[in-house]
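Worksheet for the structure shown next.
Numbering (the working numbering), first residue to last: 10 to 272.
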């Protein structure tokens with residue numbers, strides 16, 4: 010999808026997202042959106058599509074690293090519970106408690122008994138969240154292996170994306186089918202009436218973002234709340250210029266001719 014087409018389609022949705030966040034704050038709602046998928050699927054871009062125009066006081070992203078020694082000794086869900094939203098807040102999980110059913114299972118970080126216990130407990134855990142009033146949305150971003158290979162290579166070759174590439178990402182190349190089997194087991198156990206999964210094709214990431222955002226907005230109640238009116242009278246005098254007594258600003262950056270050419 011061309012960028013101009015994507016931006017034109019996303020523009021009205023961005024306005025709806027801002028209105029949605031305003032509704033969440035006004036109603037004291039609690040919203041959790043889980044983003045799961047293979048490495049390179051596009052979780053980060055999808056999360057930015059949802060959050061980039063929202064007030065960071067109303068929407069935050071949770072992306073936890075591997076558990077500490079203390080966290081490893083806790084109830085598995087415990088470290089995720091503390092990141093759940095309070096009233097008027099949206100929380101976007103960049104990976105979630107479903108790590109146990111995916112990467113931990115496939116890479117051997119959790120044994121089969123731990124995985125089985127997780128798959129048995131997760132429907133009840135999510136039922137408690139939903140019964141307490143949390144609005145829970147779970148998305149799996151789907152990607153074919155050829156696209157995954159293309160994006161891994163891009164990360165390897167692009168110095169701005171190299172940080173995204175880890176040994177685990179490279180190991181996943183040979184485990185595509187194992188991740189598929191783990192996903193299917195996860196869906197079978199945790200696709201429930203109270204917390205269903207939604208699968209979104211992310212082979213075209215821009216189209217995937219549009220599909221996901223549209224689905225999320227359509228599944229929420231009517232969130233149209235006009236912003237509170239603000240009085241914005243004209244200034245009593247001509248606009249003032251900045252003045253400095255203690256320090257002066259940095260000298261402006263000098264654009265090189267090569268940079269002008271690239272622009």
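Ideal Cβ placement from N, Cα and C applies to all residues, glycine included.
Quick caveat, the model's predicted, so the values are computed rather than measured.
Q. From the DSSP output, which residues share a beta bridge with residue 102?
A. 43, 71
**Q.** Closest Cα partner of residue 47 within the set 58, 248, 105
**A.** 105
Q | Completely contained beta strand (DSSP E) runs for the segment 101-189, where each covers 3 or more residues | A | 144-151
Q: Could you say which of 26, 21, 45, 122 lies nearest to residue 228 if we only look at CA atoms?
A: 26
Q. Under 9 angstroms, do residue 57 and residue 99 count as touching if we go by C-beta distance?
A. no
Q | residue 235, DSSP secondary structure in three states | A | coil
Q) Which partner residues of residue 207 appear in the DSSP bridge assignment? A) 148
Q: Quick one: residues in its chain with C-beta nearer than 8 angstroms to the C-beta of residue 189, no 5 flanking neighbours on either side, listed in chain order?
A: none
Q. Does the beta-carbon of residue 154 have 16 or more other beta-carbons within 10 angstroms, so that it is buried, or is it exposed?
A. exposed
Q: Identify the continuous alpha helix (DSSP H) that holds residue 32 and give its terminal residues.
A: 12-36
Q) If we ignore side chains and look at the alpha-carbon of each, how far apart do residue 176 and residue 131 end up? A) 28 angstroms
Q) To the nearest angstrom, how far is it from the Cα of residue 24 to the Cα of residue 38? A) 19 angstroms
Q) For residue 63, is the classification buried or exposed, using 16 other Cβ atoms within 10 angstroms of its Cβ as the cut-off for buried? A) buried
Q.
By the three-class DSSP mapping on this structure, what secondary structure does residue 201 have?
A. coil
Q | Among 213, 65, 124, 239, the one whose alpha carbon lies nearest that of residue 101 | A | 65
Q | Best match in 17, 15, 11, 22 for proximity to residue 223 [C-alpha to C-alpha] | A | 22
Q: Note down, in chain order, each residue of its chain lying with its Cβ closer than 8 angstroms to the Cβ of residue 54, except the 5 sequence neighbours on either side.
A: 214, 218
Q | residue 253: first and last residue of the uninterrupted alpha helix (DSSP H) it sits in | A | That residue, residue 253, is in no alpha helix (DSSP H); it is neither H nor E in DSSP.
Q: Identify which residue in 129, 31, 49, 234 has its Cα closest to the Cα of residue 160.
A: 49
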